[in-house]
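The numbers in the UniProt record's numbering rise by one with no breaks, and the one at position 16 of the sequence shown is 16.
Take a look at the structure set out below.
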Amino acid sequence: MAKFIVNTGPEKEVHRTAYTVAACKISEISKENRIDTDEDYTVKYPAVYDGCGHCYKEKHRK
Numbered sequence: 001m002a003k004f005i006v007n008t009g010p011e012k013e014v015h016r017t018a019y020t021v022a023a024c025k026i027s028e029i030s031k032e033n034r035i036d037t038d039e040d041y042t043v044k045y046p047a048v049y050d051g052c053g054h055c056y057k058e059k060h061r062k
């Protein structure tokens, strides 16, 4: 299982797979805008991606 779920759509949000909750609305991310990966996009692309306010609060900026 990948460590992160990345929403590449307009939200540009990174979720931690092990800590997701219903409020993350993972099921609403279209397959075209979803990447399951072990790379943390908040580290790889810090100016672009934000951590989820529900499951990745320490990286949430918005």
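Virtual Cβ for every residue (Gly too), placed ideally from N, Cα, C.
Query                                                                          : Result
Status (buried if at least 16 other CB within 10 Å, exposed otherwise) for R16 : buried
Three-state secondary structure (DSSP) of I5                                   : strand
With 16 other Cβ atoms within 10 Å as the buried cut-off, status of G9         : exposed
Pair within 9 Å by beta-carbon distance, T42 and D50                           : yes
Unbroken beta strand (DSSP E) run spanning T37, endpoints                      : 34 to 37
Span separating the alpha-carbon of S30 from that of V6                        : 11 Å
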